[in-house]
Amino acid sequence: MANVVFVINDENATVVDRAFKMVENVIHGDHGSVALVFLIGVIFGGIIQYTRVDKFEKIAGFAMLKDTIVPKMLFMTVGLTSIGLYFMIDAGMAHYHVKPIILQGLVIGGILFGVSMAILGKCPGTGPVSIAEGRIDVLIGAIGGLLGGLVFTLYYDNFFKWLMGDSLGKTILPNLFEGHEDLTTLIFGIALVIISIAIPKIELEDKEETKNQG
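All letters in the sequence shown, in the order written, are residues 538 to 751 by our numbering.
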C-alpha cells in the first residue's frame, strides 16, 4: 500500500524516480542487499522456467486436477522453505511480519484468487516470467491486477474493511505447540515434502511446445 500511496501523492515523479524509490525501499527495509534480492529473483525465475509452471496448461491443469506439477512443486517449496526460514529467523539471520487471521477476507479473497488464477492460467509468481517471455494476455491480466489493487487501496476504509470481517489475531503454527516449536516446524516441513513426493506425476500435454517441435 505504501508504494501505491507514493505514486498517487507525487504526481510529478517520473518512472525513473519511482524505480529508485522501490530500490530505496529494499535497501532500507532490512530485506538484504539489492544484489542479493536480484540474485534470488534470477534463481526463482530460472526454476520457474525449468519446471515450466508458467505455462497455461500447468496452472489450468492444476485447477482441473489434471496436472500435478504445480502442487508437487508447491508442497516441496513450502516444506523446505518452512524449515529453512524458521531456523534462519531463530538464529537471527532473517525476520518476517506475521499477518492477522481475517477469516472472512481470506475466504472471499481465496475464491477470487483461485477463479482468477484458473482463468488467466498464471499466478503472481509465474505471471512476470510469462510477461518477460512477451505474452500480451498475461500483461493485460497484470494491469488488471494493479488496477484492482489501486481500487482496494482507495476504497479500503469505506467498503473493503467491513467486507473482510474481524481480525482473529496473529499467530503461527509453532506457537500453538509451546515448548515444541522446533519439532513442530520440522514435522510440518517434512510432512509437506513427503506429500510432494507421494503425489503422482500427471502432466497435460503442452500444445504450444508440441506444435513447435512438429
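The beta carbon of each residue, even a glycine, is placed where N, CA and C say it ideally should be.
Enclosing alpha helix (DSSP H) for residue i [first to last residue]
i      : result
Phe650 : 640-657
Ile673 : 673-691
Glu718 : 718-735
Leu576 : 571-588
Lys609 : 606-627
Leu700 : 698-701
Glu594 : 593-600
Val666 : 664-669
When the options are compared against residue i, the one with the closest alpha-carbon
i      : options                        : result
Val615 : Lys595, Glu740, Ile731         : Ile731
Leu741 : Ile734, Gly598, Gly671         : Gly598
Ser733 : Leu617, Met601, Leu643, Ile626 : Leu617
Gly682 : Ile620, Cys660, Leu640         : Cys660
Glu718 : Ile620, Leu573, Leu687, Val688 : Ile620
Leu643 : Gly578, Phe697, Glu561         : Phe697
8 angstroms Cβ cutoff met for residue i and residue j
i      : j      : result
Glu580 : Gly662 : First, the amino acid is wrong: residue 580 is Ile here, not Glu. It is not a contact, given that the beta carbons lie outside the stated cut-off.
Met679 : Gly664 : Looking at the sequence provided, one finds Ala at residue 679 rather than Met. Yes, these two residues count as a Cβ contact at 8 angstroms.
Lys609 : Ile736 : yes
Ile739 : Lys603 : yes
Leu705 : Ile648 : no
Ile668 : Leu676 : yes
Ile596 : Met654 : yes
Val635 : Lys707 : yes
Leu622 : Ala628 : no
Phe512 : Leu729 : Because the chain is modelled from 538 through 751, residue 512 falls outside the range shown and cannot be assessed.
Ile645 : Leu723 : no
Gly582 : Val666 : yes
Phe725 : Leu713 : no
Cβ of residue i within 8 angstroms of any chain D Cβ
i      : result
Glu742 : Given the protein chain composition of this structure (a single chain), no chain D is represented.
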